Amino acid sequence: MQMKTGRTPGNDHITTEMLKHGHKTLVPVLTQLFNACLTRQATPKHMADSSTILLFKKEQGVLAKLINLLRNIYTNAVSKVRVNDERVEIDIYRGVQQGDTISPKLFTACLEHIFRRLPWDDRDININGRCLSNLCFADDIALFANTANKLQQMASELNDDTDQVGLKINSSKTKTMSTTPLLNPIQLDDSEIEASDNFVYLSQLVTIVRDHTRKIRRRKQAGWAVFHQYRNFLTSRTVDMKYKRRIFNQCIKQATLYCYECWALMKKGRDIMVAAQRLMERAMAGVNILDKKTNDWV
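In this note's numbering, the protein residues as written are -15 to 282.
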């Protein structure tokens, strides 16, 4: 069972350790209970109760039975806010419990439902023989259009549909990118969307000009960031080199070459990566320029 231990139990005082040690006995009973909840489309009242502790921190189609079950879970739910030794009971009107694994699934299912309703079949663009109007990964969404007017219409339609389900597009984090200058900026709720010549999508730098040098420099910085995390271990003279290589291959190399399959690597970019690797290897071997050791020796 992949459950984290050492967590505070809920109002039922059942810890994760109890569930793990008693899973052979509990699994059949819980399975019967969950099936009964699904059949009746309701849950016991106390199953949705929770305790809330104030912590200061930084700032698809779905079956009708499942929808009704999820709705009923929190219909009569209450939460107890604990301030010092006092508990105040409050009703829950929206949202789910913090850490509830159903939360991201509800979010993606809601977005999927929105995009299926949008009439964008005739607004896609041809990319390598495939017609695309959007790319979606959780809340990272990219829209494609042949003209600024179509893009404005698509952005407005998406904004209107998300408003209807209680979601809000953050205009300050939204950017537009065009192969030609836009005569009129794209707007959302009377706010102009900032135009940019590049943006990062799923950790990948996307630019108009097909030059991966900037992306390669970003990956080099990511590799050095991981190297500095393990610097004491990697530069220690008492650690065997085979263990250093294992850290290098499993951590630093993976961070540096993330999505390298998408790169159009040219000599300049290759030289940048080779130079970074040689510097790391020299640091791991404890060799500096005064030692006059060649790269072949390293």
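C-beta: ideal position from N, C-alpha, C; glycine also. Just so we're clear, the structure is a prediction, and the values are computed from it rather than from any experiment.
Check your understanding: Taking C-beta to C-beta, are Asn143 and Leu172 nearer than 8 Å?
Key -> As a first step, residue 143 is located in the sequence shown; it is residue number 159 there, counting from the start. As a first step, residue 172 is located in the sequence shown; it is residue number 188 there, counting from the start. Yes; because the gap between Cβ atoms is below 8 Å, this pair is in contact.
Review point. Are Met264 and Thr219 touching if we call contact CB-CB under 8 Å?
Key: Along the sequence shown, one-based indexing puts residue 264 at 280. Along the sequence shown, one-based indexing puts residue 219 at 235. Contact: no.
Check your understanding: Quick one: Cα of Asn133 to Cα of Asp105, how far?
Key -> The residue given as residue 133 occupies position 149 in the sequence shown. The residue given as residue 105 occupies position 121 in the sequence shown. Rounded to the nearest angstrom, the two C-alpha atoms are 16 Å apart.
Check your understanding: Nearest-angstrom Cα distance between Thr(-11) and Val258?
Key -> To locate residue -11, count along the sequence shown from 1; it is residue 5. To locate residue 258, count along the sequence shown from 1; it is residue 274. Cα to Cα, Thr(-11) sits roughly 43 Å from Val258.
Point to revise | Validate contact between the stretch 65 to 73 and the stretch 115 to 125 using beta carbons, cut 8 Å, 3 pairs | key: no
Exercise for review: Name the two residues that bound the continuous alpha helix (DSSP H) containing Val149.
Suggested key: Residue numbering aside, residue 149 sits at position 165 when the sequence shown is read from its first letter. Premise fails: Val149 is in no alpha helix (DSSP H) and is neither H nor E.
Review point. Who are the Cβ neighbours of Asp145 in its own chain at under 6 Å, not counting the five residues just before and after it?
Key: Counting from one through the sequence shown, the residue named residue 145 turns up at place 161. Closer than 6 Å at Cβ, skipping near neighbours: Ile98.
Point to revise | Reference Phe18, options Ser140, Ile57, Tyr185, Glu245, closest by Cα | key: As a working mapping, residue 18 is identified with position 34 in the sequence shown. Answer by Cα proximity: Ile57.
**Study point:** Residues near Thr160 by beta carbon distance below 8 Å, same chain, minus five either side
**Key:** Mapped onto the sequence shown, residue 160 falls at position 176. So the list reads Leu135, Leu166, Pro169, Ile170, Ile177, Glu178, Ala179, Ser180, once near-sequence residues are dropped.
Exercise for review: Look at Arg203 and Thr240 and say whether their C-beta atoms are less than 8 Å apart.
Suggested key: For the purposes of this step, residue 203 is taken as the residue at position 219 of the sequence shown. For the purposes of this step, residue 240 is taken as the residue at position 256 of the sequence shown. The answer is yes: Cβ separation under 8 Å.
Exercise for review: Determine the direct distance from the alpha carbon of Cys21 to that of Thr27, and round the result to whole angstroms.
Suggested key: For this step, residue 27 is matched to residue 43 along the sequence shown. For this step, residue 21 is matched to residue 37 along the sequence shown. Rounded to the nearest angstrom, the two C-alpha atoms are 5 Å apart.
Check your understanding: What is the DSSP secondary structure of Cys243, counted as helix, strand or coil?
Key -> Within the sequence shown, numbered from 1, the residue matching residue 243 stands at position 259. Three-state result, Cys243: coil.
Review point. DSSP three-state call for Tyr227: helix, strand or coil?
Key: In the sequence shown, counting from the first residue as 1, residue 227 sits at position 243. DSSP places Tyr227 in helix when its eight states are reduced to three.
Exercise for review: Might you give, ordered along the chain, the residues of its own chain that have their beta carbon closer than 8 Å to the beta carbon of Gly270, omitting 5 neighbours on each side?
Suggested key: Position 286 of the sequence shown, counted from the first residue, corresponds to residue 270. Excluding positions up to five away in sequence, the list reads Thr219, Arg221.
Check your understanding: Since Lys64 is in the alpha helix (DSSP H), which residue starts that stretch and which ends it?
Key -> Working through the sequence shown from its first residue, we reach residue 64 at position 80. Segment 62 to 67 is the beta strand (DSSP E) holding Lys64; no alpha helix (DSSP H) there.
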